[in-house]
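*Asks:*
There are 2 protein chains.
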Amino acid sequence: MAYTIKEIAEMAGVSKSTVSRVITGQGYASEESRGKVMNVIEALQYKPNAVARAMVSKRTHNIGVIIYRDQQPVASHPLYGKILDAILSAAEPLGYSVFVMTDQEMSLRSADFMLEKRVDGLILISRLRNNVIEYIKSFGVPYLMINGTTEDEEVIRIVNQDDKGGELAAEHLHHVGHRRICIIAGPQAHRSHFLRLQGFLGFAERSGFPVPPDSVYQSPASTFEAGYETISRHWSGFCRRRYTALFATNDMIALGAMKFLMEQGVRVPSQIAVMGYDDVDLAAMYHPSLTTVGVDKVKMGREAVLLLDRLINSEQSPLNEVECEPRLIIRETT
Amino acid sequence: MAYTIKEIAEMAGVSKSTVSRVITGQGYASEESRGKVMNVIEALQYKPNAVARAMVSKRTHNIGVIIYRDQQPVASHPLYGKILDAILSAAEPLGYSVFVMTDQEMSLRSADFMLEKRVDGLILISRLRNNVIEYIKSFGVPYLMINGTTEDEEVIRIVNQDDKGGELAAEHLHHVGHRRICIIAGPQAHRSHFLRLQGFLGFAERSGFPVPPDSVYQSPASTFEAGYETISRHWSGFCRRRYTALFATNDMIALGAMKFLMEQGVRVPSQIAVMGYDDVDLAAMYHPSLTTVGVDKVKMGREAVLLLDRLINSEQSPLNEVECEPRLIIRETT
DNA sequence: CTGAAAGCGCTTACAG
DNA sequence: CTGAAAGCGCTTACAG
């Protein structure tokens, strides 16, 4: 159905070798030969078979992105979706096509798939178990993690300086006058949620407005719904404490909690200030718009691709942790 | 680096053919041979090279998803991101890996990439020019469109019954008592926006509360920002008209407009009701939550994959338009 | 039931 | 500068 190099060669009156040379641009080819070949290629809309090329060159020019989730698969995740976009944008000019899969954090399915497909490299997003990492590592395929949770120093990680961002949040709330602060913390098994909380707590402690443990509510998940649920569960206690501000370790939790508060007639920010973390699109769109700590999703995605490309080409990592700077974004809720 | 069938064969003491037979499950293999081969495969964590398999079988088991956008590339699009998720979920159990690319609507780049990669099939999302369609068609690769704009009856389309949804919206607003309605219409070159508007207008006309042309504001884009902008541009006229309800041809426009209204101190829904279309996640999360017409994104993505799979396997289309039913979702803004 | 051979569509040395 | 040959890692008839 599609033409092959052999047919092009016949029609152009040259050998397959010559056709290959003009296509790849490697090796010599006379102007005349080149012209004849190009004409045929044009006329037939010939497209070299990337599968065959990959077979001989041992390079597929494909990379795989696996997004690990405990819940249902989500490429449309408010944060990871953005990072995925950045990855797609960065991969294209480098000539990579990208496979996207979502998977459970404990599963090896996606990794197996990608390995069989012989991707040139792998980008792993979010938390995943060490056995998954070990498994992938054992195959010698270049890979790196975005926003991952691992204490393995060997794996290359692209992360946000979440502890610093937590401090930024605490500093801001303190700066605008808040002393009685409630925190909703997402799953502490996740690096991000853990560090953000630690950063906040640390700053508050050092600055003389420590947040007592019973003012930190644990949210079972990092979703809008979980934020809503968590605050509603603690509602009576929350009222009794007369907090003036609420910090959540991500925007979705913050927004969920804020919606609940507003439904109870609480005014934001006049009665209570609210602050999140991530700067998802939704944060700017909400009414009132959410003050937050911005994560540089574009940079994270881009750096991941650039670094992976280097790993693919040289097999050595220039550095094994890229930290992205968090940024305070003040909006209407504080 | 990775093992080959040849090495497995040697270690198992059989021929490559036998190894191939046990891997594929095609053809005969004695229990004994099978056992020996499986042991070696286990021990070495051998993974068949999908590239080589694709080369001989002429099936890559890869499909491509191209999302066309005029703006920047967005897999994190509130609607298309969801559809993409559904595609990923549906593709996996069928053994397909999926390439994701975003592209300008006039560009052939992504299509070229996919064609070179020899994907088994293509899913095209959103509007794209006819020349792109013609181009892809000329290569004989199975493809279909989700939410596309084309008058070409030949191309297989997965669409929402947008005209019907428009009627649903009009009916609902009418039902709860609104007669003076303002509409913000997204780009009319898009099938969805066009049909939604027509459906609404038609119902209103037939039911005795026609919406005059000057009560229909054109939004230059289908984004939150565009909705916000559009209403603010028409603000004085809007106030003069004393509308009681606002319908936008998608949620993002509706939400953008609604935020502007709330910023002006307008109460929703007591002073003005607002209604959107799509049921993006944000709609349910907003405060107040947005009444809308739901698009069955999961079904659209799933149907696309299922249908594409049939096209790939049989080369004949059982039907060339799948229509998904819109659904009225009443929330707090009406 | 099993192995040798051919072939998928390319690229890459190697002669000429 | 150009062509014939070998080979990438598989699968698929085809003998045996």
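Protein chains in written order, with this note's numbering: chain A, 49 to 382; chain B, 49 to 382.
Don't be surprised by glycine CBs; every beta carbon is placed ideally from N, CA and C.
Following the continuous alpha helix (DSSP H) through G129 (chain A), name the residue where it begins and the one where it ends.
*Replies:* Y128 to A139
*Asks:* Any chance the region 158–171 of chain B sits against the region 93–110 of chain A, with 3 or more Cβ pairs inside 8 Å?
*Replies:* yes
*Asks:* Helix, strand or coil: how does DSSP classify L367 (chain A) here?
*Replies:* coil
*Asks:* For a contact defined as C-beta to C-beta under 8 Å, what are the partners of E164 (chain A) on chain B?
*Replies:* K95, P96, N97 and A98
*Asks:* Could you check what DSSP says for A50 (chain B) in three-state terms: helix, strand or coil?
*Replies:* Secondary structure at A50 (chain B): coil, using DSSP grouped into helix, strand and coil.
*Asks:* Could you check the C-alpha separation between M310 (chain A) and M154 (chain B) for me, to the nearest Å?
*Replies:* Between the alpha carbons of M310 (chain A) and M154 (chain B) lies a distance of about 45 Å.
*Asks:* Please report the residue range of the beta strand (DSSP E) in which A295 (chain B) lies.
*Replies:* Looking at the sequence shown, residue 295 (chain B) is not Ala but Phe. First-last of the beta strand (DSSP E) with F295 (chain B): A293 to A296.
*Asks:* Roughly how many angstroms separate the alpha carbons of F251 (chain A) and R289 (chain B), rounded to a whole number?
*Replies:* 53 Å
*Asks:* Would you verify that the beta carbon of A102 (chain B) is, or is not, closer than 8 Å to some beta carbon of chain A?
*Replies:* yes
*Asks:* Buried or exposed: which applies to D262 (chain B), given that a residue is buried once 16 or more other Cβ atoms fall within 10 Å of its Cβ?
*Replies:* So D262 (chain B) counts as exposed.
*Asks:* Please determine, among A:I279, A:P258, A:R350 and A:E380, the residue with the shortest C-alpha to C-alpha distance to R228 (chain A).
*Replies:* A:P258
*Asks:* Does the beta carbon of M86 (chain B) sit closer than 8 Å to a beta carbon anywhere in chain A?
*Replies:* By the rule that beta-carbons nearer than 8 Å mark a contact, M86 (chain B) does not touch chain A.
*Asks:* Out of A:I131, A:A50 and A:A77, which has the shortest C-alpha to C-alpha gap to S63 (chain A)?
*Replies:* Cα-wise, what sits closest to S63 (chain A) is A:A77.
*Asks:* Who pairs with V322 (chain B) in a beta bridge, going by DSSP?
*Replies:* Partner(s): B:L294.
*Asks:* Kindly say whether G234 (chain A), judged by its beta-carbon, lies nearer than 8 Å to any beta-carbon of chain B.
*Replies:* no
*Asks:* Starting from T339 (chain B), follow its DSSP beta bridges and name the residues at the other end.
*Replies:* B:M323
*Asks:* So which residues on chain B does T72 (chain A) lean against when the C-beta distance must stay under 9 Å?
*Replies:* Chain B residues near T72 (chain A): none, gap ~13 Å exceeds 9 Å.
*Asks:* Does S267 (chain A) come within less than 8 Å of chain B when only Cβ atoms are used?
*Replies:* no
*Asks:* Do we get a CB-CB distance below 8 Å when we pair M149 (chain A) with the residues of chain B?
*Replies:* yes
*Asks:* Just to confirm the assignment, what range does the beta strand (DSSP E) spanning M149 (chain A) have?
*Replies:* Membership of M149 (chain A) in the beta strand (DSSP E) is indicated by the continuous run S145 to D151.
*Asks:* On the DSSP bridge list, what partners appear for Q266 (chain B)?
*Replies:* DSSP, once it has assigned bridges, lists B:A233 as partnering Q266 (chain B).
*Asks:* At a cut of 8 Å, does the region 187–206 of chain A reach the region 360–370 of chain A through at least three beta carbon pairs?
*Replies:* Inter-segment contact for the region 187–206 of chain A and the region 360–370 of chain A is present: three or more beta-carbon pairs are separated by less than 8 Å.
*Asks:* Does the contact criterion of 3 or more C-beta pairs under 8 Å hold for the region 101–119 of chain A versus the region 305–319 of chain A?
*Replies:* no
*Asks:* When the cut-off is 8 Å and only beta carbons count, does S105 (chain B) lie next to chain A?
*Replies:* no
*Asks:* Cα separation between T271 (chain A) and A57 (chain B)?
*Replies:* 50 Å
*Asks:* Tell me where the alpha helix (DSSP H) around Y395 (chain B) begins and ends.
*Replies:* As shown, chain B starts at 49 and ends at 382. That puts residue 395 (chain B) outside it, with no answer to give.
*Asks:* Check whether chain B comes within 8 Å of V146 (chain A), counting only Cβ atoms and requiring the distance to be less than that.
*Replies:* yes
*Asks:* Can you grab the Cα-Cα spacing for the pair V180 (chain B) / Y191 (chain B), in whole Å?
*Replies:* 12 Å
*Asks:* Under three-state DSSP, which class holds G112 (chain B)?
*Replies:* Reduced to three states, the DSSP call for G112 (chain B) is strand.
*Asks:* Quick check on the DSSP output: the beta strand (DSSP E) that includes L216 (chain A) runs from which residue to which?
*Replies:* Segment D210 to H223 is the alpha helix (DSSP H) holding L216 (chain A); no beta strand (DSSP E) there.
*Asks:* Helix, strand or coil, according to DSSP, for V207 (chain B) in the structure here?
*Replies:* strand
*Asks:* So, for Y376 (chain A): in the same chain, excluding its five sequence neighbours on each side, which residues have a beta-carbon less than 7 Å away from its beta-carbon?
*Replies:* Checking the sequence shown, residue 376 (chain A) turns out to be Leu, not Tyr. Closer than 7 Å at the Cβ level, and outside the excluded window around L376 (chain A), lie L216, H220 and V341.
*Asks:* Here's a check: name, in chain order, each residue in its chain whose Cβ is nearer than 8 Å to the Cβ of E351 (chain A), leaving out the five neighbours to either side.
*Replies:* I206, V370 and C372
*Asks:* List the residues of chain A that F272 (chain B) touches, going by C-beta distances under 7 Å, in chain order.
*Replies:* M333
*Asks:* Select from the region 295–329 of chain A all residues with a C-beta closer than 8 Å to any C-beta belonging to chain B, and list them in chain order.
*Replies:* L303, G304, M306, K307, M310, E311 and D329
*Asks:* Quick one: Cα of E277 (chain A) to Cα of A305 (chain A), how far?
*Replies:* 8 Å
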